[in-house]
Amino acid sequence: MNEIPSSVLVVDDEIQIRRFLRTGFELDGFTVQEAETGGEALRAATLKPSDLVILDLGLPDMDGADVLERLRAWSTVPLIVLSVRANEAEKVRLLELGADDYVVKPFGMAELLARAHSAMRRQLRAARGEPVVRFGPLAVDFAARAVFISDQRVALTPKEYRLLQILAQHSGNVVTHQHMLREVWGNEHVEDTHYLRIFVRKLRRKIEADPTQPRILLTELGVGYRLASDPPAAASGAPPATLSPSTPLVGNGAS
Amino acid sequence: MRSKLKLAAMRRELRGIAIALLLIAVTTAVAILLRHYLGILRGSVLYLVPVMLAGYYLGVIPALVTAVAGVLLSGYLYFAQLYSFKVASPQEALNLVLYMVVAVVVSHLANAARRQTTIARKREQEMSDLYAFSRRLAAAASAAEIFVAIQNHLANLVQRKVVLLGAADAGSADGVPERLRAEVARIERDEGLGRTVDDGNGNTWLIRRVSPKTPDFGSVAVDLGTASGEALADMRQRIDDALADAAATLERLDVARALNEAKMRSETELLREALIGSVSHELRTPLSSILGAATILYNAPALAGDARLHELTGVVRDEAERLNNDIQNLLDATTISSQQVRPKLQWVEPVDIVNAAIEHRRRRLAGHPLTLDLDSNLPIVRADPAQVEQALVQILDNAAKYSADGAPIRVAARPQGPAVVLSVHDRGAGLSQEEKAQVGGRFFRGPRHAATTSGSGLGLWIAHAFISANGGKVEVESDGIGRGTTVSLYLPASPDAVASEVMPQEAMTQEAMPLEVMPLEVMPLEVMPLEARTQELTSQDVTSQKVTARKVAAQKVAAQKILPLNLAPPPVTPQQDPALEVLPPEALPLESHADE
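For the record, the sequence lines run as chains A and B.
All residue numbers for the first sequence refer to the numbering used here, where the first residue is 3 and numbers rise by one.
All residue numbers for the second sequence refer to the numbering used here, where the first residue is 616 and numbers rise by one.
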């Protein structure tokens, strides 16, 4: 996406995984650096900083979470975690430690690339301070604190806006329940996920064409929410679902 | 028996008297010799020696006999009118009386001293036995050692036969006379704590449970011999004391064993987790390479030109995905069969679960037109989202597997009372009455199904286990063979969990939560209807009467439990929005109405 090719540091002890990741990233225009161990990864990240880090959690010399923590002590490089652990608590922990997103093994290359681009966009946006971000039909104007769907202004309550703003700032990367609850309701309510459920439902009624088939505000079950980084693809990609006539369309007037 | 006892005592007494008389004879001989060769004329004190000896060793009666004989003989040998039993002067008579008194007193004292010594010695022995017993108990690492200690100690105590019974490590009732067996059995069956029984040979047996609290530690039968009365009571007391000590130690060991077992269990659990984790890692890492490489090839421009190659890479990708799902099923089955299913409950939007499950099986379901009938206003449920999703995925898998390509599948999410029902309806193979009864068993696959499709038969079983763990149930309906199947997952409301989830009152007031979610704090049900508010509330001046309004709302909700739901979305009024943004936080309770 840039003129200068982006660089990615792939940290994994399995050579086969590094091999296909190298091919996948190179086909997408990245230059690839590899590291086999945590120590090697930290050295490489210091000596030749890259634009993106793909970090496997099961490293021979140290826990992936440790590498993440040490890296985050001085670097804000976009970082995607590769995890075999389909354990929601573990994912949440890694995200709280500063991972931008995660992909559960086994995964498709397209999925990883989508996450990676989201994470890099976020970095870029933070650096440029873009006032408006778009996710398909959704536009969030940070300066005006306004939200549009297909250029129609949507009326949101301050808390609804705040939720959407946090998600938009993460530009398509997952945001944990805990993070959202902390940011919107404060530290003492990080366990009150039912608030979040209700607010998200209300938000979806305002921004989604069909709140039961969200295309913009997506759920990461058991972990958090994300804004679809590529909603047109999801919308036009012939979803297997066809709505039955009995489905109550409880969208909002804006859509 | 009583006369026998008396006879023995009398014999013992007579033997003492005989020895006493012998002593007197010896003393007299010594006195005569002394007089004859040394000319000692006044030696009546000599006769106190046999009295003392008899008193000390033989008891009171022999001592008295000795004293009387001593008085007579010393009167004969030493007092005036020598060699005659007559006493000449009152002085001599007084001497004799004094001698008599002294002899009696001395004999008594000697006897008492003797008895004291005996008792002291016995006490000392008992103390040292008990001490040794306690030490053995303290050092005992197993119940078996304690039983040996009890046996030895009691045997020492009563100097008779001791038989331990009942406890796992102790012996059998072989050593107990026939007549006692029934009693022993009763004690072991936990009927009464203990009793004394006569075995028919004049011996009294004491049967006692080792611990009064539990029959688990077995019982003990002690042969108390011919003891009776006080001796018997005393013996019983001491046996009971020893058993109390032993029981306390056994209980301590029991606690230790329980702790030990708990430790073992948690270690096994850790091991199992490590194993599952390792298997999952070992299998999934190569699978990741295969799937990752396949997805790259699938999208590679070089292969896109050749439809056959493109399709082949698609096959690799899909099969890798299927293998991954099978591994997941095996891991789930392991978790379930080791009873390790522990739902991590959280509030979940049911529609999210349905969407995630469908997304997970997007390719699997691609051949079937999918109809979704999802209620947009379902109660939010408390469940483990990953487990419920996995259950629904299994049902979707089955629906796709057992219906022909192109046959529609319908997925619905509907409220039913306080519960939410997720159902999957297919128009596939269906189930006969017989199959319906069997379905859900582990590895069950109907013969008809097994013939046409591959599969492990784990799916419905996993779904059932996960949904049950989350407090729900799975129902399978079918109109018969070839007429399709409907599987419903019920996610229940469990009202007890709501209290801890509720927002504290003061936080509510400080934070000026939008009124729409207010009823949360008083919801009596786990399932919360969205926007549970009343029309009355909207007409009130909520800015100034915020707390009162909340109370009214609370009462409303409490009275009606679930209020009519307000589904109508507020009209979009963009002009109001910027104004809202600058409102001070105190005014925020109005925000939900400002929308309308």
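No residue lacks a Cβ here, since even glycine has one placed at the ideal position from N, Cα and C.
Query                                                                                                                     : Result
Residues that DSSP places opposite residue 1088 of chain B in a beta bridge                                               : B/1105
Start and end residues, beta strand (DSSP E) containing residue 1234 of chain B                                           : The displayed coordinates of chain B run from 616 to 1211. Any statement about residue 1234 of chain B would go beyond what the structure contains.
CB of residue 765 of chain B within 8 Å of CB of residue 861 of chain B, strictly                                         : yes
Residue ranges of each alpha helix (DSSP H) within the region 47 to 75 of chain A, 4 or longer                            : 66 to 74
Local Cβ density within 10 Å of residue 662 of chain B, reported as buried at 16 or more and exposed below that           : buried
Residues that DSSP places opposite residue 148 of chain A in a beta bridge                                                : A/143
Buried versus exposed call for residue 845 of chain B [16 or more other C-beta atoms within 10 Å across all chains shown] : exposed
Candidates B/630, B/996, B/745 and B/659: closest to residue 768 of chain B by CA position                                : B/745
Proximity test, Cβ basis, 8 Å: residue 144 of chain A and chain B                                                         : no
Contacts of residue 1012 of chain B in chain D (Cβ-Cβ under 7 Å)                                                          : No chain D is present in this structure, whose protein chains are A and B.
For residue 693 of chain B, the three-state DSSP class (helix, strand or coil)                                            : coil
Start and end residues, alpha helix (DSSP H) containing residue 973 of chain B                                            : 965 to 975
Contact with chain B by residue 196 of chain A, beta-carbon distance below 8 Å                                            : yes
Inter-residue Cα distance where the pair is residue 71 of chain A and residue 64 of chain A                               : 11 Å
Cβ pair residue 1104 of chain B, residue 948 of chain B closer than 8 Å                                                   : no
Residues within the region 934 to 946 of chain B neighbouring chain A, beta-carbon criterion of under 7 Å                 : 935 and 939
C-alpha gap between residue 79 of chain A and residue 1018 of chain B, whole angstroms                                    : 48 Å
Residue 935 of chain B to residue 17 of chain A span [Cα, whole Å]                                                        : 19 Å
Cα-Cα separation between residue 891 of chain B and residue 946 of chain B, rounded to whole angstroms                    : 7 Å
Between the CA atoms of residue 136 of chain A and residue 1197 of chain B - distance to the nearest angstrom             : Because residue 1197 of chain B carries a pLDDT of 34, less than 50, the predicted location of this residue cannot be relied on, and the following value inherits that uncertainty. Roughly 24 Å separates the two Cα atoms.
CB contact below 8 Å: residue 67 of chain A versus chain B                                                                : no
For residue 642 of chain B, three-class secondary structure by DSSP                                                       : helix
DSSP-derived helix/strand/coil call for residue 982 of chain B                                                            : coil
Closer than 8 Å to chain B by CB, residue 109 of chain A                                                                  : yes
Start-to-end residues for the alpha helix (DSSP H) that takes in residue 722 of chain B                                   : 705 to 754
8 Å Cβ cutoff, residue 968 of chain B in contact with chain A                                                             : yes
Boundaries (first-last residue) of the beta strand (DSSP E) holding residue 196 of chain A                                : Residue 196 of chain A -> not in any beta strand (DSSP E); alpha helix (DSSP H) instead, spanning 195 to 209.
CB contact check: residue 1007 of chain B to chain A, cutoff 8 Å                                                          : no
Span separating the alpha-carbon of residue 1123 of chain B from that of residue 58 of chain A                            : For residue 1123 of chain B, the predicted model reports a pLDDT of 34, less than 50, meaning its position is unreliable and no value from the coordinates is stated.
Residue 773 of chain B - containing alpha helix (DSSP H), residue span                                                    : 758 to 773
C-beta atoms of residue 666 of chain B and residue 722 of chain B nearer than 8 Å                                         : yes
C-alpha distance - residue 668 of chain B paired with residue 852 of chain B, whole-angstrom precision                    : 35 Å
For residue 1024 of chain B, the three-state DSSP class (helix, strand or coil)                                           : strand
Identity of the residue in B/958, B/620, B/692 and B/743 nearest residue 650 of chain B by Cα                             : B/692
Endpoints, the beta strand (DSSP E) within which residue 222 of chain A is located                                        : 219 to 222
Amino acids of chain A, ordered along the chain, whose beta-carbon sits closer than 8 Å to that of residue 911 of chain B : 22, 25, 26, 29 and 111
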